[in-house]
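Residue numbers (UniProt numbering): 1 to 175.
We put the CB at the ideal spot given by N, CA and C, even for glycine.
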Amino acid sequence: MFKIDIHTHIIPKNLNELTETFSDPRFLRMDMLDDQNALLQRNNNTFRKIGLNCWHPSKRIEDLSNTKVNMQILSTIPVLFSYWANDKAGYKLSQFLNDHIFQIVQEYPKHFLGLGTIPMQNTDLAIEEMDRCINELKFPGIQIGSNINGENLSEEKFIPIFEHAEKIDCSIFVH
């Protein structure tokens with residue numbers, strides 16, 4: 001039986017290259033402890049300790065073998081959604097995260113598929129990045145949060161996003 005793990009999050013090891021360009025300390029940063037472990041920092045405080053499997057595809061492939069799972073669907077760690085960020089930063093971050101997942105999928109297509117991230121704080125940019133995820137990056141769908149800055153997904157302003165997803169046959173994983 002072919003087994004797929006749909007709920008697997010990944011973070012770019014080079015995340016700081018982007019987040020350090022933003023002055024807001026709420027953007028996540030990764031501080032490497034050694035070659036196997038890192039601390040995720042937010043607001044200059046430790047958010048979580050993570051291991052190699054959170055950023056290294058080869059470790060993921062080893063985990064696949066050990067757990068007898070054939071494939072993982074990679075998606076962004078939800079704390080990286082950053083829906084509170086300004087539109088430009090949210091869009092830039094989404095593109096960075098999606099490009100990272102795309103690179104892994106391209107390098108290891110037998111082991112990974114990807115779900116994109118979109119900047120839900122701006123409907124037009126969310127739709128634009130959704131189009132890129134489906135048409136250019138060839139992802140089967142996207143992942144979004146269940147709450148956008150205190151607003152439920154049923155809010156009127158999000159309807160165009162869902163209508164567009166239906167139109168382009170984009171699956172949505174609500175985390």
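Beta-carbon spacing of residue i, residue j below 8 Å
i              : j             : result
isoleucine 172 : glycine 141   : yes
aspartate 99   : leucine 125   : no
leucine 74     : isoleucine 50 : no
glutamine 143  : leucine 115   : yes
leucine 52     : threonine 46  : no
proline 160    : leucine 97    : no
histidine 111  : leucine 64    : yes
Rounded C-alpha distance that separates residue i from residue j
i              : j                 : result
serine 94      : isoleucine 77     : 12 Å
threonine 67   : isoleucine 4      : 11 Å
methionine 32  : leucine 113       : 26 Å
methionine 120 : glycine 90        : 8 Å
serine 146     : cysteine 133      : 20 Å
asparagine 43  : methionine 1      : 44 Å
serine 154     : phenylalanine 162 : 10 Å
isoleucine 127 : aspartate 24      : 25 Å
glutamate 136  : glutamine 41      : 32 Å
asparagine 16  : valine 69         : 31 Å
histidine 175  : aspartate 34      : 30 Å
arginine 60    : alanine 165       : 29 Å
serine 82      : asparagine 152    : 16 Å
cysteine 170   : glutamate 62      : 30 Å
Supposed contact pair residue j and residue i - C-beta distance, whole angstroms, cut 8 Å
i              : j             : result
serine 20      : arginine 29   : It is worth fixing the name first, because residue 20 is glutamate in this sequence and not serine. Contact holds; Cβ gap of about 7 Å.
cysteine 54    : isoleucine 10 : 7 Å
threonine 123  : lysine 167    : Not quite, the Cβ-Cβ distance comes to about 14 Å (not below 8 Å), so this is no contact.
isoleucine 118 : glutamate 129 : 5 Å
Beta-carbon proximity list for residue i, same chain, < 6 Å, skipping 5 on both sides
i        : result
lysine 6 : The sequence shown places isoleucine at residue 6, rather than the lysine named in the question. The residues are Ile73.
Beta-bridge pairing of residue i - partner residues as DSSP gives them
i             : result
histidine 9   : Ser75
aspartate 31  : Leu39
valine 174    : Ile144
threonine 117 : Gln143
Neighbourhood of residue i by C-beta distance below 8 Å, restricted to the same chain and skipping five residues each side
i             : result
tryptophan 84 : Arg26, Gln121 and Asn149
lysine 92     : Leu18
histidine 56  : Lys13
asparagine 37 : Lys49, Ile50, Gly51 and Leu52
Cut-off 7 Å between Cβ atoms - residues of its own chain near residue i, not counting five sequence neighbours on either side
i                 : result
phenylalanine 139 : Gly114, Leu115, Gly116 and Cys133
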